[in-house]
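The working numbering numbers the first residue of the sequence shown as 1 and each following residue consecutively.
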Amino acid sequence: MNESITLTDNRNGASVEVPIVNGTVDARAWADLLPGVYFHDPSFGNTSGAASAVCELDGDAGYLRYRGHPIEQLAEQSTFLEVAHLLLFGELPTRPQLNGFADEIAESASIHENFHKRILEGFRDDAHAMGVLVSSVAALSTFYPDGKDVEDPTVRRSQMVRLLAKIPTLAASAYRRSVGNPYVQPDPDLPYTSNFLSMMFRPAEGGYEVDPVLTRALDLLFVLHADHGQNCSTTTARSVGSSHADPYVLLSAACSALYGPRHGGANEAVLRMLEEIGSYDQVDDFVAKVKTGEQLLMGFGHRVYKNYDPRAKIIKETAHRVFEVTGKNPLLDMALKLEEVALADDYFVRRKLYPNVDFYSGLIYQSMGFPVEMFTVLFAIGRTPGWLAHWDEMLTQNSRIARPRQLYTGEATRDVVPIDER
Ligand code: CMC
């Protein structure tokens, strides 16, 4: 079969045959044939903006792989730090490599006391944790000007380690500030996720222990969030990185994109939606409102998945394991009914709307004691290696600055009328 398309300019009959390679056609052939005619694709639904080896997902088949490894196998067998190593450096680590990586992370995890005093304490008491995270990650840029040398792979590597190390510390500090508890310094002897939980919840007088089932569940949630191709925040990261801005402001921009309720903010929105629905017997009424377009069913739908999100499947199973330890989240029955009603309803079936990664994750976070304002922060911790892997990959490819064209729809040229004559 001829794997190509033919473009013909009907104005002059000129034509070009363009090969289809891995489901894409090279836009340069279009540009050569049709200079000054641009492909109009707002939201990039039909545009590949990057060549990437980090992660592969197929929305119709419903699979997700990090550097070729199926998400189900990684979820079963790997820790978040192993997955971060895989995404950042291309391979799952050997045990000595993992130990070395964990040591590097532990050495970089603390943040300067001045950072707590001058930056974190400048926020209002009721500041949303994501707003604090976005600002404090950007503020790191002023502490580490060495990060600006983005073309040096060795410099990039140390910034990636530093960011991966510090993001849980910033996140936990944002939480402790909001509840008025003294900051807890990272403990280099604890594994990554245990250390984060300890920085979050350890009482000032010490003596914090957490059930290993819960630590594993959170680590697994980080694994499931670690990368997802050219999603909104990763596209933002690549776009900012393409101007050669430093990785701290880049990560802050990615966190900002994540914050929105259509993206990572959806886990918080799901919880608020369930609380608003209020009770099991209100589910049908709520679904009716969704069908008239009054509401969105948060935690449902995805630009790419037109099938059950494989991450949601794993999260749903994990939720049951967590609830055996914490007791069942009272909102679970409502969420299960919502899913059941939606999956049987023609509105959702026709639009191929299934639960996504955010539908059940919030129930787990809440049962573990995280306040809703921290949910998207947890997503950000998980996604950090993905953002950084794309940043590093893009700079390795020596890509050009991101600069889409636009379809101008404004006024034609017109004269400026002096202000007093308008
Ligand atoms: N509830 C009700 N209807 C929906 C929903 C929903 N959650 N999502 C999509 N639709 C409808 C939409 O109104 C449209 O209907 P119609 O054809 O009649 O106009 C149809 O389904 C197709 O939707 P779309 O707007 O073309 O979908 P999109 O690809 O532009 O948006 C989305 C994807 C995730 C932004 C959207 O599904 C949504 O807002 N979902 C709720 C928020 C959410 O859970 N976000 C988390 C996404 S997964 C985690 C992540 O990657 O961040």
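Note that beta-carbon positions come from the ideal geometry of N, C-alpha and C, so glycine has one too.
### Message
Give me the pocket residues for ligand 1, defined as CB within less than 6 Å of any heavy atom, sorted by chain position.
### Response
Going by the Cβ distance cut-off, the answer is 228, 231, 262, 263, 264, 266, 290, 296, 297, 298, 299, 300, 301, 302, 303, 351, 353, 356, 357 and 358.
### Task
Please list, in chain order, all residues of the same chain as residue 274 whose beta carbon is under 7 Å from its beta carbon, the five residues on each side excluded.
Counting from 1 along the sequence shown, the entry for residue 274 is found at position 274. Contacts found: 331, 334 and 335.
### residue 300 versus residue 162: straight-line alpha-carbon distance, rounded
The residue labelled residue 300 in the question sits at position 300 within the sequence shown. The residue labelled residue 162 in the question sits at position 162 within the sequence shown. Those two C-alpha atoms are separated by around 34 Å.
### Query
Can you list the beta strand (DSSP E) stretches of 3 or more residues lying completely in the region 47–124, in chain order?
You should have 55–58 and 63–66.
### Task
Please check the pair residue 111 and residue 173, which I expect to be a contact at CB under 8 Å, by giving their CB distance rounded to whole angstroms.
Translated into the one-based positions of the sequence shown, residue 111 becomes position 111. Translated into the one-based positions of the sequence shown, residue 173 becomes position 173. Going by Cβ atoms, the distance from residue 111 to residue 173 rounds to 7 Å, so yes, they are a contact pair.
### Query
Using CA coordinates, which residue listed in 348, 205, 137 and 56 is at the minimum distance from residue 287?
Here residue 287 refers to the residue found at position 287 of the sequence shown. The shortest Cα separation from residue 287 among 348, 205, 137 and 56 belongs to 348.
### Query
Out of curiosity, what's the CA-to-CA distance linking residue 49 and residue 211?
For the purposes of this step, residue 49 is identified with residue 49 of the sequence shown, where counting begins at 1. For the purposes of this step, residue 211 is identified with residue 211 of the sequence shown, where counting begins at 1. Roughly 43 Å separates the two Cα atoms.
### Task
Taking only the alpha-carbon atoms, compute the straight-line gap between residue 81 and residue 202 and give it to the nearest angstrom.
On the sequence shown, residue 81 is found 81 positions in, with the first residue counted as 1. On the sequence shown, residue 202 is found 202 positions in, with the first residue counted as 1. Each residue's alpha carbon lies about 22 Å from the other.
### Message
According to DSSP, residue 5 sits in a beta bridge with which residue or residues?
### Response
Here residue 5 corresponds to residue number 5 of the sequence shown, with the count starting at 1. Partner(s): 18.
### Task
Using the Cα positions of residue 376 and residue 268, report the straight-line distance between them to the nearest angstrom.
Numbered from 1 along the sequence shown, position 376 holds the residue referred to as residue 376. Numbered from 1 along the sequence shown, position 268 holds the residue referred to as residue 268. Residue 376 and residue 268: Cα-Cα distance of roughly 7 Å.
### Query
Can you name the start and end residues of the alpha helix (DSSP H) that residue 316 belongs to?
As a working mapping, residue 316 is identified with position 316 in the sequence shown. Residue 316 -> alpha helix (DSSP H) spans 310–326.
### Query
Where DSSP assigns a beta bridge to residue 24, which residues make up the other side?
Position 24 of the sequence shown, counted from the start, is the residue given in the question as residue 24. BP columns for residue 24 point to 21.
### Message
Below 8 Å, how does it come out for the region 365–372 and the region 389–399: are there three or more Cβ pairs, yes or no?
### Response
Segments in contact, no.
### Task
Enumerate in chain order the residues of its own chain whose CB-to-CB distance from residue 156 is below 7 Å, with the five nearest sequence positions on each side excluded.
Walking along the sequence shown from the start, residue 156 turns up at place 156. Cβ-Cβ distances below 7 Å link residue 156 to 150, 392 and 395 in the same chain, with the five nearest sequence neighbours on each side left out; the list follows chain order.
### Task
Reducing DSSP to helix, strand and coil, say where residue 370 ends up.
Here the question's residue 370 lines up with position 370 in the sequence shown. In this structure, residue 370 counts as coil in the three-state DSSP scheme.
### Cβ contact check for the region 100–115 and the region 171–186: 3 or more pairs under 8 Å
yes
#### Entry: Same chain, Cβ closer than 8 Å to residue 15, neighbours up to 5 away in sequence not counted
Translated into positions along the sequence shown, residue 15 becomes position 15. So the qualifying residues of the chain are 6, 7, 8, 9 and 33.
### Query
If you draw a straight line from the alpha carbon of residue 342 to that of residue 139, how long is it in whole angstroms?
As a first step, residue 342 is located in the sequence shown; it is residue number 342 there, counting from the start. As a first step, residue 139 is located in the sequence shown; it is residue number 139 there, counting from the start. Note on geometry: alpha-carbon atoms of residue 342 and residue 139 lie some 43 Å from one another.
### Best match in 262, 329, 338 and 303 for proximity to residue 283 [C-alpha to C-alpha]
Here residue 283 corresponds to residue number 283 of the sequence shown, with the count starting at 1. Of the candidates 262, 329, 338 and 303, the one whose C-alpha sits nearest the C-alpha of residue 283 is 338.
### Message
As a quick exercise: from 197, 304, 75 and 236, pick the residue whose alpha carbon is nearest that of residue 46.
### Response
On the sequence shown, position 46 is the one that residue 46 refers to. Here the closest residue by C-alpha is 304.
### Query
Is it true that the region 117–130 meets the region 220–239, where meeting means three or more beta-carbon pairs spaced less than 8 Å apart?
no
### Span of the alpha helix (DSSP H) around residue 247
Reading the sequence shown from its first residue, position 247 is the one you call residue 247. Start and end: 247–259.
#### Entry: For residue 359 and residue 279, the rounded distance between their alpha carbons
The count along the sequence shown starts at 1 and reaches residue 279 at position 279. The count along the sequence shown starts at 1 and reaches residue 359 at position 359. Each residue's alpha carbon lies about 17 Å from the other.
### Beta-carbon spacing of residue 233, residue 266 below 7 Å
Taking the sequence shown and counting its residues from 1, the one referred to as residue 233 is at position 233. Taking the sequence shown and counting its residues from 1, the one referred to as residue 266 is at position 266. One thing to note: residue 233 has its Cβ no nearer than 7 Å to the Cβ of residue 266.
### Task
Evaluate contact between the region 308–324 and the region 350–366, counting only Cβ atoms and requiring at least three cross-stretch pairs below 8 Å.
yes
### Proximity of residue 84 and residue 404 at Cβ, strictly below 7 Å
Locating residue 84 in the sequence shown gives position 84, where the first residue counts as 1. Locating residue 404 in the sequence shown gives position 404, where the first residue counts as 1. Not in contact: residue 84 and residue 404 (Cβ atoms no closer than 7 Å).
#### Entry: Integer Cβ distance of residue 298 from residue 261, believed to fall under 8 Å
Position 298 of the sequence shown, counted from the start, is the residue given in the question as residue 298. Position 261 of the sequence shown, counted from the start, is the residue given in the question as residue 261. Right, the Cβ-Cβ distance comes to about 7 Å (below 8 Å), so this counts as a contact.
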